[in-house]
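Sequential numbering of the sequence shown, starting at 237, is according to the numbering used here. For reference, the structure is listed below as structure tokens.
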Amino acid sequence: MNLNNKTILVTGGTGSFGKKFITKVLEQDVKKVIVFSRDELKQHEMAQEFTDPRIRFFIGDVRDRDRLYRAFDGVDIVIHAAALKHVGACEYNPFEAVKTNIHSAQNIVEAAIDRGVQKVIALSTDKAASPINLYGATKLASDKLFVAANSYVGDKDTRFAVVRYGNVVGSRGSVVPFFKKLRDQGATEIPITDERMTRFWITLDQGVQFVIDSLERIHGGEIFVPKIPSMMVTDLAKAIAPECDINIVGIRPGEKLHEVMITEDDARRTLEYDSYYVIQPEFPWWRDEFSNGGKPLSDGFSYVSNVNDEWLTVEDLKNLVKE
């Protein structure tokens, strides 16, 4: 998407995604990029790394509706990346997860509409499809809020959409740094919860580019899902620490054997494209012309990590981890 002369705000902008996204959009002639987050130390460190005069740093919490109203003044595009994302932390702190992942979604919707933001994309997760943990449940609720927000716009031009993808190679919450740390500390075993476990996998660069591409495709209410490969978690362990044994420790609370990005029920209103899917909203104003050549999915289709058409080998994973 051409972002020239646009003012872009990224919530949670000091995270792995935010840094990569901001690096990418600064390659264009953007007017301004606003980093919105609550950690002043991370902002200070990022300000030393990113010295481009088009960057602004706003201290604020997405739970604070008034602060969002101030921050969104004059903003054209919002990328909502802020969230509580750790499954265990959300299980142990459910009230906080609801406040950050659900209540804040409503804050962003209301501030974006009232401030005249043009486009909002919220980042989601495969755990939001048929969730079994609180993190996934809060993100499902968040997705629903952002989709439904398009019905609250009235005569404004604001459009909301969601991007949903799987585990990100290189992000701070990824299992990759954990496995590497164990290897570097001289561990002889890598803990795996279940040897059958599979996950969707995407690189940070791919995730950022998919969000930018999705900005171009928004009509309002879509959930964009990229076609990405699956991998066996055991293969990832072999790629990172081939000298270590694998220790099966059992599935943790709230953990799935396989992740889902499109459920069988969602598939009935999903269109397929060459490199992605679009879960369409069920709005009365949604028109066939928005499909832009997408193909309906067959009955019974679901997009699940263990029945994917594309898989990463141990060698593929080794190359990704090196990058």
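Glycine included, each C-beta is placed from N, C-alpha and C at the ideal position.
For this session: Look at the alpha carbon of Y305 and the alpha carbon of Q421, and state the distance between them as a whole number of angstroms.
Result: For Y305 and Q421, the distance between alpha carbons rounds to 46 Å.
Exercise. So the alpha helix (DSSP H) V485 belongs to, where does it begin and stop?
Worked result: Counting along the chain, V485 falls outside any alpha helix (DSSP H), and DSSP gives it neither H nor E.
Exercise. Does the distance from the C-beta atom of S366 to that of N337 stay below 9 Å?
Worked result: Contact flag unset, no.
For this session: Using three-state DSSP, classify E431 as helix, strand or coil.
Result: Assignment of E431 by DSSP, reduced to helix, strand and coil, places it in the coil class.
Problem set entry | Identity of the residue in V405, I295, G310 nearest K558 by Cα | Out of V405, I295, G310, V405 has the C-alpha closest to the C-alpha of K558.
Exercise. In chain order, what residues of the same chain have a beta carbon less than 8 Å from the beta carbon of S511, not counting five sequence neighbours either side?
Worked result: Once the five neighbours on either side are set aside, the close Cβ partners of S511 are P462, K463.
Exercise. Does the count of Cβ pairs from the segment 490-497 and the segment 427-435 closer than 8 Å reach three?
Worked result: Verdict: yes, contact present.
For this session: Identify every run of the beta strand (DSSP E) within the segment 334-396, keeping only runs that are complete inside it and at least 3 residues long; order them along the chain.
Result: Uninterrupted beta strand (DSSP E) stretches at least 3 residues long and entirely within the segment 334-396 occur at 355-359, given in chain order.
Exercise. In whole angstroms, what separates the C-alpha of G296 from that of V447?
Worked result: Whole-angstrom Cα-Cα distance: 23 Å.
Exercise. Exposed or buried, W437, counting other C-beta atoms within 10 Å across all chains shown (16 or more means buried)?
Worked result: Buried: at least 16 other Cβ atoms inside 10 Å.
For this session: Compare the C-beta of G372 against all C-beta atoms of chain C and say whether one is closer than 9 Å.
Result: You won't find chain C in this structure, because it holds only one protein chain.
For this session: Identify which residue in Q445, I476, V298 has its Cα closest to the Cα of T424.
Result: Ranked by Cα distance from T424, the first of Q445, I476, V298 is I476.
For this session: Quick one: grab the DSSP three-state call for K554.
Result: In this structure, K554 counts as helix in the three-state DSSP scheme.
Problem set entry | Contacting residues, own chain, Cβ-Cβ under 8 Å from A473 (five flanking each side not counted) | Counting only Cβ-Cβ distances below 8 Å, and skipping sequence neighbours, we find F415, I426, I428, C480, I482.
For this session: Return the first residue and the last residue of the beta strand (DSSP E) that F293 is part of.
Result: That run of the beta strand (DSSP E) goes 291-295.
For this session: Would you check if there are 3 or more beta carbon pairs closer than 8 Å linking the segment 316-330 to the segment 238-252?
Result: Touching, per the Cβ criterion.
For this session: Have a look at A341 and L381 and give me their C-alpha separation to the nearest angstrom.
Result: The alpha-carbon atoms of A341 and L381 are separated by roughly 7 Å.
Exercise. Can you give the Cα-Cα distance for L376 and L370, rounded to whole angstroms?
Worked result: L376 and L370: Cα-Cα distance of roughly 10 Å.
Exercise. Which same chain residues, not among the five before or five after K335, have their C-beta less than 7 Å away from its C-beta?
Worked result: Cβ neighbours of K335 beyond the five flanking positions: R299.
Exercise. So, using beta-carbon positions, are I291 and K355 closer together than 9 Å?
Worked result: With contacts defined as CB atoms closer than 9 Å, I291 and K355 fail to qualify as a contacting pair.
Problem set entry | DSSP state of D420 mapped onto helix, strand, coil | Helix, per DSSP.
Problem set entry | Alpha carbon of H280 to alpha carbon of K268, nearest angstrom | In a straight line, the C-alpha of H280 is about 18 Å away from that of K268.
Exercise. If we ignore side chains and look at the alpha-carbon of each, how far apart do P478 and S466 end up?
Worked result: Taking the CA atoms as reference points, P478 sits about 20 Å from S466.
Problem set entry | DSSP bridge partner residues for W547 (one or two, in chain order) | According to DSSP, W547 bridges with S466.
For this session: With DSSP collapsed to three states, give me the class of M282.
Result: It is helical.
Exercise. Assuming F560 and E500 make a contact with CB atoms under 8 Å, what is their CB distance in whole Å?
Worked result: Since the first residue shown for the chain is 237 and the last is 559, residue 560 is missing from the structure and cannot be characterised.
Exercise. Hey, how far is the Cα of V266 from the Cα of G443?
Worked result: Their backbone Cα atoms lie some 20 Å apart in a straight line.
For this session: Give every residue of the same chain whose Cβ lies closer than 6 Å to the Cβ of R303, excluding the five residues on either side of it in the sequence, and list them in chain order.
Result: Excluding residues within five positions, the ones whose Cβ falls inside 6 Å are G296.
For this session: Pick helix, strand or coil for P478, following the three-state DSSP scheme.
Result: The three-state secondary structure of P478, taken from DSSP, is coil.
Exercise. What does a CB cutoff of less than 7 Å around R274 pick up in its chain, not counting 5 residues either side in sequence?
Worked result: Contacts found: I295, G296, D297.
Problem set entry | Cβ neighbour criterion (16 or more within 10 Å) applied to F331 | Looking at its Cβ environment, which holds fewer than 16 other Cβ atoms inside 10 Å, F331 is exposed.
Problem set entry | Residues near I258 in its chain [Cβ-Cβ closer than 6 Å; skip 5 each side] | If we look at I258 and ignore the five residues flanking it on each side, its Cβ neighbours are V269.
Exercise. Taking all protein chains shown into account, do 16 or more other C-beta atoms lie within 10 angstroms of the C-beta of T361, making it buried, or fewer, making it exposed?
Worked result: Taking a 10 Å sphere around the C-beta of T361, we find 16 or more other C-beta atoms and assign the residue as buried.
Problem set entry | For G456 and R395, believed in contact at Cβ under 8 Å, the rounded distance | R395 to G456, Cβ: 4 Å. Contact.
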